[in-house]
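Reviewing the structure listed below.
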Amino acid sequence: MLFRPQGLLPSRQRAAELTQAEPGPLPVAGTPSAVTPESRDEGDVVATLVSDGADTATVLELHEIGVEFGGVVALDAVSLTVRSGQIFGVIGPNGAGKTTLFNCVTGMVKPTRGRIRAGDLDITGKKAHHVTRAGVARTFQNIRLFPDLSALDNVRVGADARHHTSVPGALLGVPRHRREERDGRRESERLLEYVGILPRAGDLAKNLAYGDQRRLEIARSLATGPAVLLLDEPGAGMNPSEKRALVDLIRKIRDSGVTVLLIEHDMGLVMGACDRVAVLDFGKLIAEGSPTEVQQDPRVVEAYLGVPTDAA
Numbered sequence: 130m131l132f133r134p135q136g137l138l139p140s141r142q143r144a145a146e147l148t149q150a151e152p153g154p155l156p157v158a159g160t161p162s163a164v165t166p167e168s169r170d171e172g173d174v175v176a177t178l179v180s181d182g183a184d185t186a187t188v189l190e191l192h193e194i195g196v197e198f199g200g201v202v203a204l205d206a207v208s209l210t211v212r213s214g215q216i217f218g219v220i221g222p223n224g225a226g227k228t229t230l231f232n233c234v235t236g237m238v239k240p241t242r243g244r245i246r247a248g249d250l251d252i253t254g255k256k257a258h259h260v261t262r263a264g265v266a267r268t269f270q271n272i273r274l275f276p277d278l279s280a281l282d283n284v285r286v287g288a289d290a291r292h293h294t295s296v297p298g299a300l301l302g303v304p305r306h307r308r309e310e311r312d313g314r315r316e317s318e319r320l321l322e323y324v325g326i327l328p329r330a331g332d333l334a335k336n337l338a339y340g341d342q343r344r345l346e347i348a349r350s351l352a353t354g355p356a357v358l359l360l361d362e363p364g365a366g367m368n369p370s371e372k373r374a375l376v377d378l379i380r381k382i383r384d385s386g387v388t389v390l391l392i393e394h395d396m397g398l399v400m401g402a403c404d405r406v407a408v409l410d411f412g413k414l415i416a417e418g419s420p421t422e423v424q425q426d427p428r429v430v431e432a433y434l435g436v437p438t439d440a441a
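130 is the number of the first residue of the sequence shown in our numbering; add one for each residue after it.
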């Protein structure tokens with residue numbers, strides 16, 4: 130796929146296959162207060178992919194996480210508990226340590242101290258592919274797609290993370306590989322439908338509109354079957370209408386059984402979407418609570434305005 134992005138089939142044949150493919154049923158998002166296996170719609174592709182760890186009370190736990198870069202403290206003893214079924218927001222001024230926090234969770238930065246658990250698994254300092262297999266997926270502030278692959282093939286790359294066929298088995302086309310490829314393609318098509326861009330399945334990622342690229346990156350992350358999805362600035366560059374649609378999509382993902390942890394600068398988006406919010410400032414956790422509680426916290430006001438509340 131990576132060496133010949135356009136595939137082995139002629140483009141006309143590939144386009145014909147996309148046209149003839151029968152998409153799965155439209156996912157139906159409910160609004161349960163607590164997502165349980167019984168409450169998930171059987172026709173919801175995300176619910177069928179969600180990692181086993183999603184049903185545990187705590188899907189992600191950070192304990193006293195510290196990160197230092199050459200003596201500069203990026204994170205200072207940060208502890209967070211993210212529970213199943215939450216949309217959990219992490220906010221803070223620029224340079225507060227939000228993306229560093231995500232990088233620690235997803236294996237891109239090794240914490241100097243502290244522990245990270247995904248469900249029952251200790252993922253502290255694990256490589257990114259091990260973290261993915263533990264049920265944690267993410268998107269990036271700067272979109273990271275395969276620009277010369279189709280939208281469908283970008284999602285199939287995510288689905289490949291759940292495949293178990295060896296490289297020799299894939300080259301030989303063993304039955305298990307053929308079955309995984311067939312199932313992965315069908316799931317990828319349904320995920321494109323889930324995020325609303327199935328008509329763009331055959332388009333190269335680089336030719337998609339910006340908002341569609343954001344949705345594609347989310348679909349690819351969901352293809353790994355995560356228990357928790359980390360979204361880094363998902364609303365960046367979107368207009369108000371696109372942001373409203375994004376909030377609807379995030380809620381639908383949560384209702385499908387995937388817990389969402391997001392970083393976002395748009396306070397309206399955070400306060401409208403999140404059940405719980407944590408605030409970082411200079412690498413320290415300064416507040417945590419409901420959106421209303423956080424908005425009224427004097428430490429948060431001071432961090433954003435740079436002045437004590439009694440002087441504001």
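Cβ coordinates follow ideal geometry from the N, Cα and C atoms, glycine included.
Going by DSSP, Ile220 is part of the beta strand (DSSP E) stretching over 216-220. In this structure, Leu359 keeps its C-beta atom at 8 Å or more from the C-beta atom of Val207. It is roughly 33 Å from the alpha-carbon of Asp384 to the alpha-carbon of Ala432. The three-state reading of DSSP puts His192 in strand, counting E and B together. Residue range 201-212 is occupied by the beta strand (DSSP E) that includes Thr210.
In the DSSP assignment, Glu197 forms a beta bridge with Val202.
Cβ neighbours of Arg244 within its own chain (closer than 7 Å, five residues either side excluded): His192, Asp251, Thr253. Ile245 is bridged by DSSP to Leu191.
Beta-bridge analysis with DSSP links Thr388 to Val357. When Asp282, Thr228, Tyr339 are compared, the shortest CA-CA separation from Phe269 is found for Thr228. The beta-bridge partner set that DSSP reports for Gly366 is empty. In this structure Gly366 is in contact with Tyr339, their Cβ atoms being roughly 6 Å apart against a cut-off of 8 Å. Contact between the segment 233-243 and the segment 196-207 is established, with three or more Cβ pairs separated by less than 8 Å. By the criterion of a C-beta distance shorter than 7 Å, Val423 is surrounded in its chain by Val406, Val408, Ala416, Val429, once the five residues flanking it on both sides are discounted. Taking a C-beta distance under 8 Å as the contact criterion, Val389 and Ile216 qualify as a contact pair. In this structure, the alpha-carbon of Pro240 lies about 10 Å from that of Asp205. Where Gly418 is concerned, there is no enclosing alpha helix (DSSP H), although the beta strand (DSSP E) around it starts and stops at 413-418. Under the three-state reduction of DSSP output, Arg329 falls in the helix class. Residue pairing by DSSP places Arg267 opposite Leu359 in a beta bridge.
Here the C-alpha atom of Leu391 lies approximately 14 Å from the C-alpha atom of Glu346. Where Val408 is concerned, the enclosing beta strand (DSSP E) starts and stops at 405-410. Ile347: member of the alpha helix (DSSP H) spanning 339-351, first to last residue. Annotated three-state conformation of Leu250 is strand, per DSSP.
When rounded, the separation of the alpha-carbon atoms in Asn336 and Asp277 is 9 Å.
Relative to the Cα of Ser419, the nearest Cα in the group Asp404, Asp410, Pro427 belongs to Asp404.
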